[in-house]
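Have a look at the structure below, then the notes.
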Amino acid sequence: MDENEKAQIWKDYSLEHWNDWKWQIKNRITDTEQLSKIVHLKKEEKEDIEKCLQKFKMAITPYYAALIDDSNPDCPIRKQAIPSAKELIIDPCEREDPLCEEKYSPVPGLVHRYPDRVLLVLTHKCSMYCRHCTRRRLVGCEDYSISDKRLEAALEYIRKNTVIRDVLLSGGDPLVMPDARLEGIIKKVREIPHVEIIRIGTRTPVVLPMRITDELLNMLKKYHPLWINTHFNHPKEITKESSEACRKIVDAGIPLGNQSVLLRGVNDDTEILKALFLKLVSIRVRPYYLYQCDVSQGIGHFRTKVSKGMEMLKSIRGNITGFAVPEYVIDAPGGGGKTPVNRDYIVDMTEEGVTLRNFEGKIFYYPNPKE
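Residue numbers (my numbering): 620 to 990.
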């Protein structure tokens, strides 16, 4: 999509607007009427999307929407952003909370699954709602950000549990929050003596790269050691704008990792993954994890067999530099945590699924998708 086409769709568009992350969020595509101005939708497609939106919300930033190739029905950007009727097909094995985060939530908004680290959910809002989101039971509640009361309860839990050395700020996406609010939270976490590392999980470098402002980075630099993990799934997402956002993060002294999800029809191809990993390294982003797609409700059409992921990683390893190859993991259904897919952790593998032993020695089962 060129500049003139953008201008016709977003009437108040200007280059200044386009590069303003707040304008991007304000002008997200959230319904079929707006969407039909970006991509050609048949009547049946519109009807399917409307049905899907009754259960799962849609939001696409203008920036990310402009990356959609409308001439290609298999466009990987389109598949990650635009709802599908397939999301309404719920397999019996799928769960609202496949990782049992609520089970491991000692206080609202905080998940304590691993001994030395916790996850703090700051908001349920994202700049874009990925169709493969594992937290789709929560994400999309536009008005939810953690209250002062809940934040204080979470911080008090961390203060009392001195074994906690690592706090991951997540959501939703923490970087949709205003700088001042985000800094207020980070400052309080950093004041806890035994917290050594603060991490932020965000997809804004991919879907809203203009969010990575100098003001944001100057604020974050005050709270080192701080790490960021982002979420590129396809080489097409590595644009001039997203590359610049990553450059600014790394130049601010913040290590930047990437967590991809293996998605059928998007990146379940050896050459696509190889190109993704090499492009990430070229922009100084370390491929960290390749996730097997979770068994969240309505995303079964994205799941591949575990054996396919293993075969692709085997083909890639040795053919590109070692640190460009991420660790392939399953976030074990039922709360088993991130478990590497290798012979040290696989107990049994059949056509139906994989039995895993997690870091605690407990047994969990991941079902393969039905063909």
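C-beta atoms are modelled at their ideal positions from N, C-alpha and C, and glycine is treated no differently.
For residue i, report the span of its alpha helix (DSSP H) as first-last.
i	result
GLU970	That residue, GLU970, is in no alpha helix (DSSP H); it is neither H nor E in DSSP.
TYR682	681-684
ASN837	833-839
THR889	889-901
ARG750	Looking at the DSSP string, ARG750 is not in any alpha helix (DSSP H), and its letter there is neither H nor E.
ILE644	640-645
TYR776	767-779
VAL653	Here the sequence assigns Gln to residue 653, which means Val is not the residue at that position. GLN653 -> alpha helix (DSSP H) spans 651-654.
GLY803	798-809
Grab the span of the beta strand (DSSP E) containing residue i for me, first residue to last.
i	result
ASP785	785-789
ASP950	946-951
PHE983	982-986
ILE819	816-820
ARG732	729-733
VAL740	736-740
GLY592	Outside the displayed span of the chain (620 to 990) sits residue 592, for which this structure offers no information.
GLN911	905-911
Apart from the five residues just before and just after residue i, which ones in its own chain have a Cβ nearer than 7 Å to its Cβ?
i	result
LEU719	The question names Leu, but residue 719 in the sequence shown is Cys. Once the five neighbours on either side are set aside, the close Cβ partners of CYS719 are GLY953 and GLY954.
LEU839	LEU845, ALA871 and ILE873
GLU622	With a pLDDT of only 48 at GLU622, under 50, the local geometry of the prediction cannot be trusted, and the value read off the model is given with reservation. The answer is none, since no qualifying residue turns up.
GLU971	PRO986 and ASN987
Measuring only the C-alpha atoms, how far is residue i from residue j?
i	j	result
THR823	TRP642	14 Å
LYS656	TRP637	17 Å
ILE783	HIS813	7 Å
PRO695	VAL869	27 Å
THR849	THR821	5 Å
PRO854	GLU713	29 Å
ILE708	HIS731	31 Å
ARG936	VAL658	37 Å
SER764	ASN938	44 Å
PRO945	LEU770	33 Å
LEU729	ARG736	11 Å
ARG756	HIS743	10 Å
GLY884	PRO692	11 Å
GLY876	LEU654	32 Å
ILE831	SER926	37 Å
ARG800	ASP767	11 Å
VAL758	LEU881	20 Å
MET721	THR940	According to the sequence as given, residue 721 is Glu; it is not Met. Rounded to the nearest angstrom, the two C-alpha atoms are 39 Å apart.
Does the beta carbon of residue i sit closer than 9 Å to a beta carbon anywhere in chain C?
i	result
GLN916	Protein chains in the displayed structure number just one, and chain C is not present.
Go through its chain and collect everything with a Cβ distance to residue i's Cβ below 8 Å, but skip five positions before and after it.
i	result
ALA943	PHE896, LEU897, LEU899, VAL900 and PRO906
ILE982	VAL966, THR974, LEU975 and ARG976
VAL948	TYR908, LEU909, TYR910, GLN911, LYS957, THR958, PRO959 and VAL960
LEU583	A question about residue 583 goes unanswered here, because the residues of the chain that appear run from 620 up to 990.
LYS625	Confidence at LYS625 is low in this model, with a pLDDT of 49, below 50, so its placement is unreliable and no value can be given for it.
ARG964	Before going on, a small fix: residue 964 reads as Tyr here, not Arg. Excluding sequence neighbours, TYR964 sits near THR958, LEU975, ARG976 and ASN977.
ASP688	CYS694, ILE696 and ARG697
GLU860	TYR682, PRO828 and MET829
THR858	LEU686 and PRO828
MET747	ARG647, ALA678, ILE679, THR680, TYR683, ALA700, ARG822, VAL826 and LEU827
Using C-beta distances below 6 Å, list every residue in its chain close to residue i, excluding the 5 sequence neighbours before and after it, in chain order.
i	result
ILE918	HIS751
ILE819	LEU788, PRO793 and ILE847
GLU856	VAL825
PRO988	GLY919 and ARG922
ASP710	GLY919
ILE902	SER862 and CYS865
ILE804	none
THR753	ASP913 and SER915
ILE668	THR651 and PRO702
VAL904	CYS865, LEU875 and ASN877
LEU738	VAL730, LEU787 and SER789
Quick test of your reading: residue i and residue j, contact by CB under 8 Å. State the CB separation rounded to the nearest angstrom.
i	j	result
PRO717	SER915	5 Å
MET796	LEU741	6 Å
VAL808	ALA772	At roughly 14 Å, the Cβ-Cβ gap does not stay under 8 Å, so VAL808 and ALA772 are not in contact.
ILE817	TYR842	6 Å
ASN852	SER879	5 Å
CYS745	GLN699	Not really, about 12 Å apart at Cβ, beyond 8 Å.
THR889	SER934	5 Å
TRP640	LEU827	6 Å
ASP785	GLU815	7 Å
Following a CB-centred definition, is residue i positioned closer than 8 Å to any heavy atom of the ligand PLP?
i	result
GLU720	Because no ligand of any kind appears in the structure shown, any question about the ligand PLP cannot be addressed here.
Using 8 Å as the threshold, is the stretch 888-895 in touch with the stretch 858-872, meaning 3 or more CB pairs across them? With a cut-off of 8 Å on Cβ pairs, the stretch 888-895 is not in contact with the stretch 858-872, counting fewer than three such pairs.
Three CB pairs or more closer than 8 Å across the stretch 767-777 and the stretch 671-686: Three or more beta-carbon pairs separated by less than 8 Å are not found between the stretch 767-777 and the stretch 671-686, which leaves the two stretches without contact.
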